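Chemist:
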Amino acid sequence: KYEEIESIVLFGSLASGKFNEESDIDICILFKRNTPKMLENTIFDYFLSLGKDLNRSIQCVFFFLEDINNWDTIFIENILAEGQLLYGNSNYYEILIKTLEFKPYQIITLNLRALNSSAKMKLKRILYGYKTTKKYSEKLYKYKKEGIVKKLQGMKLGRGSFIIPEKVLIMVENKLKEFDIKFSNFRVWMQDI
1 KYEEIESIVL FGSLASGKFN EESDIDICIL FKRNTPKMLE NTIFDYFLSL
51 GKDLNRSIQC VFFFLEDINN WDTIFIENIL AEGQLLYGNS NYYEILIKTL
101 EFKPYQIITL NLRALNSSAK MKLKRILYGY KTTKKYSEKL YKYKKEGIVK
151 KLQGMKLGRG SFIIPEKVLI MVENKLKEFD IKFSNFRVWM QDI
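Residues in the sequence shown are numbered from 1 upward in steps of one, following UniProt numbering.
1) Can you tell me whether DSSP reads aspartate 67 as helix, strand or coil?
2) Helix, strand or coil: how does DSSP classify aspartate 192 here?
3) Kindly identify the DSSP beta-bridge partner or partners of asparagine 185.
4) With burial defined as no fewer than 16 other Cβ atoms inside 10 Å of the residue's Cβ, what is the status of glycine 17: buried or exposed?
5) If you pair each beta-carbon of the stretch 36-54 with each one of the stretch 85-104, do three or more pairs fall below 8 Å?
6) State yes or no: is the C-beta of arginine 83 within less than 8 Å of the C-beta of alanine 15?
7) Measuring alpha carbon to alpha carbon, tell me which residue in Glu138, Arg187, Lys177 is nearest leucine 115.
8) Helix, strand or coil: which one does DSSP assign to lysine 167?
9) I need the DSSP call for threonine 35, collapsed to helix, strand or coil.
10) So what's phenylalanine 19 in DSSP terms, helix, strand or just coil?
11) Can you list, in chain order, the residues of its chain with a C-beta nearer than 6 Å to that of leucine 123? Leave out the 5 residues immediately preceding and following it.
12) Along the chain, where does the beta strand (DSSP E) that runs through phenylalanine 11 open and close?
13) According to the neighbour-count rule (16 or more other Cβ atoms, all chains shown, within 10 Å of its Cβ), is tyrosine 105 buried or exposed?
Below is the structure:
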C-alpha cells in the first residue's frame with residue numbers, strides 16, 4: 001500500500017520465540033530515501049489501530065535512510081540477529097550491515113587429519129607465526145616471525161580455525177592448496193578485528 005516503505009521487519013520477543021501474554025509486537029519500518037517524515041504519523045496510526053484490533057500493543061521504530069548515521073548500533077544489531085522480514089525485500093539486511101560498517105570475513109576450518117606432524121607444524125608456523133629464543137656464548141637471541149593470518153589482519157579462533165577478511169581469501173586458499181589440505185569456509189559479517 002505504501003510505496004515509500006522499503007521493508008517492515010518483525011523483531012523482539014515475537015521474532016525470537018520468547019513471546020508471552022504480556023509481550024508487545026515490535027516492528028521496524030525502513031523507509032526509502034527522500035520519504036516525507038510526515039508519513040511516519042500515518043503509518044503509526046495504522047499500527048495503533050491494528051494493535052487495538054489485535055488487543056496487543058504494537059511498538060513501531062521508524063528508520064529513514066537520510067538519518068542512517070544517527071541510528072543506534074545496538075538496536076540495529078538486535079534487528080540483524082532476530083529480525084524477520086514481513087514486507088518488502090531483504091535489502092534492509094544489507095543497509096543495516098553497512099550502517100554498522102560490517103565487513104565480510106571468512107571463517108576457515110582446517111581438516112588436519114591427512115597431515116603428518118612435521119607438515120602440521122610447518123603449516124602452523126606459516127599461518128600463526130612463531131618465536132624462538134637461543135642462547136649462544138652467554139648471549140640470548142630472540143627471533144619472532146609473524147604468520148600470514150595476522151599479517152592479513154586475521155585472527156586465530158581455535159585449533160585448526162581462524163578468521164580473515166574476505167578480500168584476502170584467495171591468498172590463503174592458495175597457501176592451503178600448497179599443503180593439499182582440505183578446509184571449509186563460510187562468510188560472516190563483522191566490524192574490523
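Don't be surprised by glycine CBs; every beta carbon is placed ideally from N, CA and C. Small disclaimer: the values here were computed from a predicted structure and weren't measured.
Modeler: So, from the data block:
1) If you number the sequence shown from 1, residue 67 lands on position 67. In the structure shown, aspartate 67 falls within a helical segment according to DSSP collapsed to helix, strand and coil.
2) Residue 192 sits at position 192 when you count from the first residue of the sequence shown. Three-state DSSP puts aspartate 192 in coil, outside helix and strand.
3) As a working mapping, residue 185 is identified with position 185 in the sequence shown. Asparagine 185 is bridged to Ile108.
4) Numbered from 1 along the sequence shown, position 17 holds the residue referred to as residue 17. Glycine 17 counts as exposed, since fewer than 16 other C-beta atoms from the protein chains shown sit within 10 angstroms of its C-beta.
5) Judged by Cβ distances under 8 Å, the stretch 36-54 makes no contact with the stretch 85-104, as fewer than three pairs qualify.
6) In the sequence shown, counting from the first residue as 1, residue 83 sits at position 83. In the sequence shown, counting from the first residue as 1, residue 15 sits at position 15. The sequence shown places glycine at residue 83, not arginine. Yes, the pair counts as a contact, with Cβ atoms nearer than the cut-off.
7) By one-based count along the sequence shown, residue 115 stands at place 115. Of Glu138, Arg187, Lys177, the residue nearest in Cα terms is Lys177.
8) Locating residue 167 in the sequence shown gives position 167, where the first residue counts as 1. Assigned with DSSP and collapsed to three states, lysine 167 falls in helix.
9) On the sequence shown, position 35 is the one that residue 35 refers to. DSSP, reduced to helix, strand and coil, places threonine 35 outside both helices and strands of the structure shown, so it counts as coil.
10) Walking along the sequence shown from the start, residue 19 turns up at place 19. Residue state, collapsed to three classes: coil.
11) Here residue 123 is taken as the residue at index 123 of the sequence shown, counted from 1. Spatial neighbours of leucine 123 in its own chain (CB-CB distance under 6 Å, excluding positions within 5 residues in sequence) are listed in chain order as Phe179.
12) For the purposes of this step, residue 11 is taken as the residue at position 11 of the sequence shown. Residue range 5-11 is occupied by the beta strand (DSSP E) that includes phenylalanine 11.
13) The count along the sequence shown starts at 1 and reaches residue 105 at position 105. It is buried - the Cβ of tyrosine 105 has at least 16 other Cβ atoms within 10 Å.
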